Amino acid sequence: MSISLSMCRLIRQPLTSNVQCSGKKLNMRQIQKENVVLVMGATGTGKSKLSIDLANYFPSEIINSDKIQIYEGLDIVTNKITLEEQKGIPHHLLGTHNPNIEFTSNDFREKSTSAIDLIMSGGNLPIIVGGSNSYLEALVDDDDYNFRSRYNFCCLWVDVSMPILRSYIDQRVDQMLNSGMVNELRPFYNPNGDYSKGIRKAIGVPEFDEYFRRESYVDDETRKMLLDKAVSEMKINTWKLAKKQLGKIDWLKNVKRWNIHRLDATPVFKKHGKEADETWKKIVAEPSAMIVAQFLYNSRNPANVVKSSSNLRVPISQGDLMATATC
Numbered sequence: 001m002s003i004s005l006s007m008c009r010l011i012r013q014p015l016t017s018n019v020q021c022s023g024k025k026l027n028m029r030q031i032q033k034e035n036v037v038l039v040m041g042a043t044g045t046g047k048s049k050l051s052i053d054l055a056n057y058f059p060s061e062i063i064n065s066d067k068i069q070i071y072e073g074l075d076i077v078t079n080k081i082t083l084e085e086q087k088g089i090p091h092h093l094l095g096t097h098n099p100n101i102e103f104t105s106n107d108f109r110e111k112s113t114s115a116i117d118l119i120m121s122g123g124n125l126p127i128i129v130g131g132s133n134s135y136l137e138a139l140v141d142d143d144d145y146n147f148r149s150r151y152n153f154c155c156l157w158v159d160v161s162m163p164i165l166r167s168y169i170d171q172r173v174d175q176m177l178n179s180g181m182v183n184e185l186r187p188f189y190n191p192n193g194d195y196s197k198g199i200r201k202a203i204g205v206p207e208f209d210e211y212f213r214r215e216s217y218v219d220d221e222t223r224k225m226l227l228d229k230a231v232s233e234m235k236i237n238t239w240k241l242a243k244k245q246l247g248k249i250d251w252l253k254n255v256k257r258w259n260i261h262r263l264d265a266t267p268v269f270k271k272h273g274k275e276a277d278e279t280w281k282k283i284v285a286e287p288s289a290m291i292v293a294q295f296l297y298n299s300r301n302p303a304n305v306v307k308s309s310s311n312l313r314v315p316i317s318q319g320d321l322m323a324t325a326t327c
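Note that the working numbering has the sequence shown beginning at 1, numbered continuously upward.
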C-alpha cells in the first residue's frame, strides 16, 4: 500500500505500521485523516435539501455555512430550513448568533472546526452546507494548513441553469412576501441602523428601509409603489448574489483547483410535485450519495453501499471500515 499526505482516505482500524511513500517513511497514525463533505451552490438551488438527503443515507450532522443564516431571526427572509424540513437531523451554527454582532470568517473557521470535532466524536459525518463560499474557502485554505492536514473533503455543487434559477428566485421572493416577510422585517428597521454588519446585511433589510421610513406618511397608492420597489430590489440583489456565488465556485474549481462534483438540478426546476421529487432523487440525491460513498469507503460498488446505508443511522465509527489511499 502506498500513502499520500495529500490524499488519505478514511481509516477506522488502528494502524501502527510504517509505510514508504515517495522515499519517506511515514507513520500511519500521523497521517490519518477524517472526512468532511461540503455542499455548495447558488442561493435557491436546493443545497439544504441535498444535505438532508445525504444525512438519510449516511449518519451525519449538518453545519450551516450561510453567513446570514448564522444569526438569530429573519427566518423567512434568510430562507432558513425549518424544523420540519430538518427531519430530526442535528444542525449546527444555524440561527445561533447575536444578529447585531458581526460573525467573521475567522469566527466561522473556529466555530465550524469545533462543530466538526464534536460531530466526529459521536461517530457521525460532518456535512457543511451553505452559499457563503468565502466561509468555506477560509475554512479549507486556512493560513496554517490546519484543515487540509486533518481532513479529507468532498465537494458537491448543486447547479441550476441561470435563466431557470432567476425565475425561481423571483418566485421565491414573492412567496416570502406572502408568508409574512414584511412583518418579520419591521422590527429590524432602524432609521439609524447599520446595514454593513450582522443580520442587517441580509437582502431584504436595506431594500425595505425606504418603505418603513415612509409607510406611515403616504397614501395607499404610494405605499404600494414603495412595496413593489422594495420587492423588485430584493429580486435584483438576490440574483446578483447568485451570480457572485457562482463566480466564487468557478474560482475555487478552476483557479484554486478544488475537486468539485457538479450536479445539474435544472430538470428538477422544470417539473412540479411528485415528478419533481422523483427527478431530484434520480439526478441529484442518488448520484450525490454514490459520490459520497466512493469518497468515504473507496468502494468500487458505491451503489451497494448507498443501498445498505439508506435509513441506517448508526455511527460510522462503529463499522470496521478501512479504505485505501494512493500516492
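Ideal Cβ positions, reconstructed from N, Cα and C, are used throughout, including at glycine.
Predicted model, so just to flag it, every value in this text is computed and none were measured.
Under the three-state reduction of DSSP, residue 85 is assigned to helix. Within the same chain, and ignoring the five residues on either side of residue 174 in sequence, the residues whose Cβ sits closer than 8 Å to its Cβ are 231.
49 is the residue among 49, 261, 270, 286 whose C-alpha sits nearest the C-alpha of residue 130. Residue burial is scored here from C-beta neighbours: residue 71 has at least 16 other C-beta atoms within 10 angstroms and is therefore classed as buried.
In this structure, residue 245 lies away from residue 100, with their beta-carbon atoms at least 8 Å apart.
Around the C-beta of residue 187, fewer than 16 other C-beta atoms lie within 10 Å, and the residue is accordingly described as exposed. When C-beta atoms of the segment 146-164 are compared with those of the segment 197-216, fewer than three pairs fall below 8 Å, so the two segments do not count as touching. The segment 191-233 is shown to contain whole alpha helix (DSSP H) runs of 4 or more residues at 209-214, in chain order. In this chain, the beta strand (DSSP E) harbouring residue 125 covers 125-129. Per DSSP, the continuous beta strand (DSSP E) segment holding residue 35 begins and ends at 34-41. Residue 251 counts as exposed, since fewer than 16 other beta carbons sit within 10 angstroms of its beta carbon.
Here residue 288 is buried, its C-beta having at least 16 other C-beta atoms within 10 Å. When the Cα atoms are used, residue 204 and residue 276 turn out to be separated by approximately 29 Å. Just measuring C-alpha positions, the residue of 146, 270, 164 sitting nearest residue 33 is 146. Measuring C-alpha to C-alpha distances from residue 214 to each of 201, 141, 229 identifies 229 as the nearest. Residue environment analysis places residue 200 among the buried positions, since at least 16 neighbouring C-beta atoms fall within 10 angstroms of its C-beta. For residue 96, the closest of 115, 88, 87 by C-alpha to C-alpha distance is 115. Annotated as proximal: residue 112 and residue 63, with beta-carbon spacing under 8 Å.
With contacts defined by Cβ atoms closer than 8 Å, residue 76 and residue 193 do not form a contacting pair. Cβ atoms of residue 125 and residue 37 come within 8 Å of each other, at about 6 Å.
Here the alpha carbon of residue 261 sits roughly 16 Å from the alpha carbon of residue 161.
Rounded to whole angstroms, the separation of the alpha carbons of residue 220 and residue 128 is 45 Å. In this structure residue 268 is in contact with residue 280, their Cβ atoms being roughly 5 Å apart against a cut-off of 8 Å.
Here the segment 100-110 makes no contact with the segment 77-85; the two share fewer than three CB pairs at distances below 8 Å. In the displayed model, residue 170 falls within a helix according to three-state DSSP. Judged by DSSP secondary structure, residue 152 falls within the beta strand (DSSP E) whose first and last residues are 151-159. Membership of residue 63 in the beta strand (DSSP E) is indicated by the continuous run 60-64. Per DSSP, residue 263 lies in no alpha helix (DSSP H); the unbroken beta strand (DSSP E) holding it starts and ends at 260-264. Excluding five sequence positions before and after residue 282, none of the CB atoms of its chain fall closer than 6 Å to its own CB. Residues 210, 211, 214, 215, 218 of the same chain have their beta carbon placed closer than 8 Å to that of residue 226, with the five preceding and five following residues left out of the count. At the C-beta level, residue 164 and residue 270 come within 8 Å of one another.
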